[in-house]
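Below you'll find the structure, written out as structure tokens, and then a few comments.
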Amino acid sequence: MKKSDNMFLRAYSLWKEIRHSGRDGLSMRIRLFAFLAFLLFSVLMLFLLLLLMAGVFNNGSKTSRLFLENELSHLKQDIDSDYGKLTLQGLSLSQEISGNMELTLRKQGILPSELAEHPEQLEALLSSQVTLLSSYLKNTKSSGAFLILDATVNPALENAASSRAGIFLKSAEPNIVNAMDANIRYLRGPAECAREHGLQLLPQWKQEFRIEKEDFYSKTIQTAKSTDIPLSRLYYWSRRTTLDGNSESAMLLCLPLISHDGTVFGVCGLEISSMLFKLAYSPDNSVYPRVFSSLLPSVNDYVNINGGLIAGNYYMTNYLGEENIAIHKNRQDFNTYYSANGTVYGGLQEAVSLYPSDSAFSQEKWILSVMMPYEDLENAIRGNNSLLFVSLAALLIAGILAAFFISKHYIDPVIHAIHLIKTGNTSEIEKTRYLEIDDLLEYMNTQTASTEPIDANLSSYEEFVRNIQTLSAAERAVFNLYMEGHTAQEIADILCLSMNTIKTHNKRIYMKLNVSSRKELMVYVQMMTQHP
Amino acid sequence: MKKSISVLLLAVLICSALLSGCSGKNHGLNPNNPVTLTMWHNFGGEMQHTMDELIDEFNSTVGKEQGIIINVTSISSSSDLQENLNMIINGDPGAPAMPDITTCYPKTAVIFKEKGLIASLDSYFTEDELSAYIPQFMEEGRLDDGKLYVFPFAKSTEILYLNQTFFDKFSKATGITMENLSTFEGISEAALAYYSWTDGLTPDISDDGKAFFAADSWLNLAQAGMKQQNTELFVDEKPALTNDAFEKIWDCLYAPSVQGGFAIYDGYSSDLSKTGDLVCSTGSSAGILFYGDTITYPDNTIEQVEFTILPFPVFENGKKVAIQRGNGLCVAKSNETREYAASVFLKWFTEPKQNLNFIFATGYLPVTNEAFTTGMPALTQNAPDERIAQMLAAVTEMYHTYDFFVAPAFPEFDSLGKQYEQNLKQLLSSEQEFLRTSGAFSSEMEPTDINQLSKDSLDVFRRSF
Chain P
232 MKKSDNMFLR AYSLWKEIRH SGRDGLSMRI RLFAFLAFLL FSVLMLFLLL LLMAGVFNNG
292 SKTSRLFLEN ELSHLKQDID SDYGKLTLQG LSLSQEISGN MELTLRKQGI LPSELAEHPE
352 QLEALLSSQV TLLSSYLKNT KSSGAFLILD ATVNPALENA ASSRAGIFLK SAEPNIVNAM
412 DANIRYLRGP AECAREHGLQ LLPQWKQEFR IEKEDFYSKT IQTAKSTDIP LSRLYYWSRR
472 TTLDGNSESA MLLCLPLISH DGTVFGVCGL EISSMLFKLA YSPDNSVYPR VFSSLLPSVN
532 DYVNINGGLI AGNYYMTNYL GEENIAIHKN RQDFNTYYSA NGTVYGGLQE AVSLYPSDSA
592 FSQEKWILSV MMPYEDLENA IRGNNSLLFV SLAALLIAGI LAAFFISKHY IDPVIHAIHL
652 IKTGNTSEIE KTRYLEIDDL LEYMNTQTAS TEPIDANLSS YEEFVRNIQT LSAAERAVFN
712 LYMEGHTAQE IADILCLSMN TIKTHNKRIY MKLNVSSRKE LMVYVQMMTQ HP
Chain C
20 MKKSISVLLL AVLICSALLS GCSGKNHGLN PNNPVTLTMW HNFGGEMQHT MDELIDEFNS
80 TVGKEQGIII NVTSISSSSD LQENLNMIIN GDPGAPAMPD ITTCYPKTAV IFKEKGLIAS
140 LDSYFTEDEL SAYIPQFMEE GRLDDGKLYV FPFAKSTEIL YLNQTFFDKF SKATGITMEN
200 LSTFEGISEA ALAYYSWTDG LTPDISDDGK AFFAADSWLN LAQAGMKQQN TELFVDEKPA
260 LTNDAFEKIW DCLYAPSVQG GFAIYDGYSS DLSKTGDLVC STGSSAGILF YGDTITYPDN
320 TIEQVEFTIL PFPVFENGKK VAIQRGNGLC VAKSNETREY AASVFLKWFT EPKQNLNFIF
380 ATGYLPVTNE AFTTGMPALT QNAPDERIAQ MLAAVTEMYH TYDFFVAPAF PEFDSLGKQY
440 EQNLKQLLSS EQEFLRTSGA FSSEMEPTDI NQLSKDSLDV FRRSF
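Pasting the structure below:
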């Protein structure tokens, strides 16, 4: 029979015992197993209760929330700082360009309001600002710098009404600020300007801007023309936009160009592209790979995912087709965001103030959020608890196995001894090293020996007497006290020895004197006293 | 008791071995704990949207199943990306971190390999998988140790882009024909004539003629020219400029360059084409999207034009040889899990379906036999962009009639190549400036005088190395 079969048979027999228990009483093994199992179960329940009270099962949710809060806090700080700084730099750019251009025009005897009537001046005007735009591009955390004049180089053309002269410079490495050797490329503007300044045209280059598709231009310029508030209240952050013919989308910081006489003659600004936003504001994705941050315009309970920028591992092109995402704050820990295509996200958000309260655009609300697909959040929460439950289950199983083996190991020798006792051969039983059992066996041996007749003849007696000489001093002392008729306990007391020591001596005495029991010993002692 | 414990321990050991075996099969990838690989590429502009969609598709399908996320952290022009890679190679201060996957030319890969920065990819592909790729493309990616480091991905050749509308006007006025455009000598002759003709259109202004031709890469032109004449531009890893073959190339370039018929320009030729400042140019077949169907003049008027794609010109009496170029994808040396993850992406990205999707959006060539021989011809008829369809038809024809060569990939090649371009442009620009201001050059000069100037200039050029 295989060993594994043996184990299964034992387990099966234990199971049968448990099933039939109660009819004739319970075995020691079942009792012990039950006791141990109950003890284990109680300890585990107590442990579970402690965990519940300590809120450990909410740890997954707490951990996720803490992560989102931390990321949101850091990113908000960065965005507040960077966007604020960029706004100040944009204001400075607008003032410099406005001043430079106004001066240049006045030298030509042209008023800023007459700019559109002098298209021949446009190329030179634009060219004169390329160095300034390049400088701002190199020294700000932006991916582009632009300038659009409210004029076109050829008013006679059919599409002149929607065409505007300008310059748009793009940085090839927007995330590197103050680079000595920034790679600047030319997206819009007169080709000759680019060649003069050694700038390469981008493949999507066009000479002028088509403003009918660029609402950032019209919004900025119309608002500046229709209000009389300071420049610092007229800047506008566009929603995510892709310039006509361009491929990369961006948020544009747009500022009007205003001369001293109040003429609004163009727009300038700085760009934060999708790639720059991604490089600068991606949350830590080492724990949640699909977590992303987003700066989105919000209206009531919706955020417009098409209108903002996203930073994360993905381009999210699959999700960018959505117009609006509904925000629900229906969980204690997280907001849920529902998109029209059924994708649900979980995360946290905070309002971002891009404008002062008296800005012309203060009604525009923006939200910074850190979120991830909801299934990722749930998996993280479940994962934490799953580990705990798996560990507890493993402990329980291990405990039951241990109870099984301990009870078996503890009781087996007892059962074995009982079995041998039943067979009547107590003298052949080896020491079990269970004191009580060994003592019982010795007692039983003694009783057995006392009922058996002793066959003592002369030769065995003479042998007995000879063998007395072989006893050691300690053994002789014990023997002498037996001769005086003392019991084993009395001898232990007299000699100040333990019962175990007396038993050891007894065993050696019996062996040396070739007797099998105390009774037989006493028969020979009797013979000695009768024949000294 | 002891036996029971032994059985239990044995069971635990077996289970552990089985589990570790399971994770080993997928090289440590775990969908529940995906590995994120950073990627740089140079497919911006009109190609960017397709790349973004393909990468997102990978991330949400194969990547999600196997636990791989591709995160693009840089999209820049080929030259800008090359500069960043050079910064990494040189260990320059402020150099960015090496991406896990990057587009890369073999000439750069060879240096990365010497510095132990890139992984060889052979062990991540079976023989069958590798045999699916066009052998020449695969060979180009193998470096001197025979191992594959540059995975074929975006291949191209060089062709001649012609503004047919402008040429037709010029041809009608001067008698120069399309035949001129089949040889570099013919192009040289046409360039001299074009400059004179355009200069003559403004009789009140002298020396304002326009350039006819430019090469995106004068180095590649010279390499191809030498191959066409059965010799090499680089011998023993040094430029070989003293032979007759190179003199022939130089003679072709000199006169139109100093006159102005050839544009010596630092940027892409397409920049000049967009503004009507060039009629034809040689450049990568993948540059097709850079050529629109309009020319914009300084007064913002726009002219509709037609471009024609012609085979790469050949030097007279030379063989039909053109360069095989384009970059591939290199994988940073890291650990088995990341390298394997990168290979999963490469495999998926170059499968015919994705590869064809990519080439029809970019103008590069397919890299697998199946895509090249079956997929491309079938789809060319209905290509979403007419320009790409025209280019693919022309290139397919070239692949039937031309031999192709790859640029050498020794460590100094990149720097020597840059030196060649720089020295050539500087010398010819300064000669042009000098000869113009001194009036020492005109189209009426005797050929012998022009030849002497050309020889003198060639001597200077040779000495500059």
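Protein sequences appear in the order of chains P and C. Numbered according to my numbering, the first sequence spans residues 232 to 763. Numbered according to my numbering, the second sequence spans residues 20 to 484. A virtual CB, placed ideally from N, CA and C, is assigned to each residue, including glycine. Remember, it's a predicted structure, so these values are computed and weren't measured experimentally.
Determine the contact status of residue i and residue j, defining contact as a CB-CB distance below 7 Å.
| i | j | result |
| --- | --- | --- |
| T57 (chain C) | P118 (chain C) | yes |
| F203 (chain C) | F326 (chain C) | no |
| T454 (chain P) | C485 (chain P) | no |
| A633 (chain P) | F264 (chain P) | no |
| G500 (chain P) | F399 (chain P) | no |
| L272 (chain C) | E440 (chain C) | no |
| V601 (chain P) | S524 (chain P) | yes |
| K174 (chain C) | G345 (chain C) | yes |
| T184 (chain C) | V324 (chain C) | yes |
| L411 (chain C) | T399 (chain C) | yes |
| I74 (chain C) | I89 (chain C) | yes |
| A361 (chain C) | I120 (chain C) | yes |
| Q343 (chain C) | T176 (chain C) | yes |
| L181 (chain C) | L329 (chain C) | yes |
| I733 (chain P) | F710 (chain P) | no |
| I195 (chain C) | A209 (chain C) | yes |
| Y214 (chain C) | Q155 (chain C) | no |
With DSSP as the reference, please indicate the residues paired to residue i in a beta bridge.
| i | result |
| --- | --- |
| N182 (chain C) | C:F326 |
| P604 (chain P) | P:Y576 |
| P171 (chain C) | C:G347 |
| A376 (chain P) | P:L400, P:L501 |
| M90 (chain C) | Looking at the sequence itself, residue 90 (chain C) is Asn, so the reference to Met does not match. DSSP output for N90 (chain C) lists C:T57 as bridge partner(s). |
| L599 (chain P) | P:L526, P:E581 |
| C123 (chain C) | C:G347 |
Taking residue i as part of the beta strand (DSSP E), name the residues at either end of that continuous run.
| i | result |
| --- | --- |
| Q580 (chain P) | 575–583 |
| R697 (chain P) | Looking at the DSSP string, R697 (chain P) is not in any beta strand (DSSP E); the run it does join, the alpha helix (DSSP H), is 689–698. |
| C727 (chain P) | Segment: none, C727 (chain P) is in no beta strand (DSSP E) and carries neither H nor E. |
| Y713 (chain P) | Run containing Y713 (chain P): none in the beta strand (DSSP E); it sits in the alpha helix (DSSP H), 704–714. |
| L418 (chain P) | 415–419 |
Can you give me the start and stop residues for the alpha helix (DSSP H) that residue i sits inside?
| i | result |
| --- | --- |
| S215 (chain C) | 203–219 |
| Q247 (chain C) | 237–247 |
| H736 (chain P) | 730–744 |
| K437 (chain P) | Taken as a continuous stretch (DSSP letters only), K437 (chain P) belongs to no alpha helix (DSSP H), being part of the beta strand (DSSP E) at 431–437. |
| Q109 (chain C) | The question names Gln, yet the displayed sequence has Asn at residue 109 (chain C). Segment 97–109, the alpha helix (DSSP H) holding N109 (chain C). |
| N374 (chain C) | 371–381 |
| Y755 (chain P) | 749–761 |
| L149 (chain C) | 146–150 |
| F266 (chain P) | 259–285 |
Would you call residue i buried or exposed, if buried means 16 or more other Cβ atoms sit within 10 Å of its Cβ?
| i | result |
| --- | --- |
| I649 (chain P) | exposed |
| L277 (chain P) | exposed |
| C424 (chain P) | buried |
| Y243 (chain P) | exposed |
| K738 (chain P) | exposed |
| V522 (chain P) | buried |
| S236 (chain C) | buried |
| L280 (chain P) | exposed |
| N745 (chain P) | exposed |
| G497 (chain P) | buried |
| I268 (chain C) | buried |
| Q757 (chain P) | exposed |
| S325 (chain P) | buried |
Report the residue ranges of all beta strand (DSSP E) runs contained in full by the segment 454–540 of chain P; include only those spanning at least 3 residues, in chain order.
-> DSSP runs (the beta strand (DSSP E)) wholly in the segment 454–540 of chain P: 481–489, 495–504, 523–530, 533–535.
Can you list the alpha helix (DSSP H) stretches of 4 or more residues lying completely in the segment 383–434 of chain C, in chain order?
-> Complete alpha helix (DSSP H) runs here, min 4: 395–399, 405–420.
Which runs of the alpha helix (DSSP H) fall wholly inside the segment 280–316 of chain C and span at least 4 residues, in chain order?
-> Whole alpha helix (DSSP H) segments, 4+ residues: 288–293.
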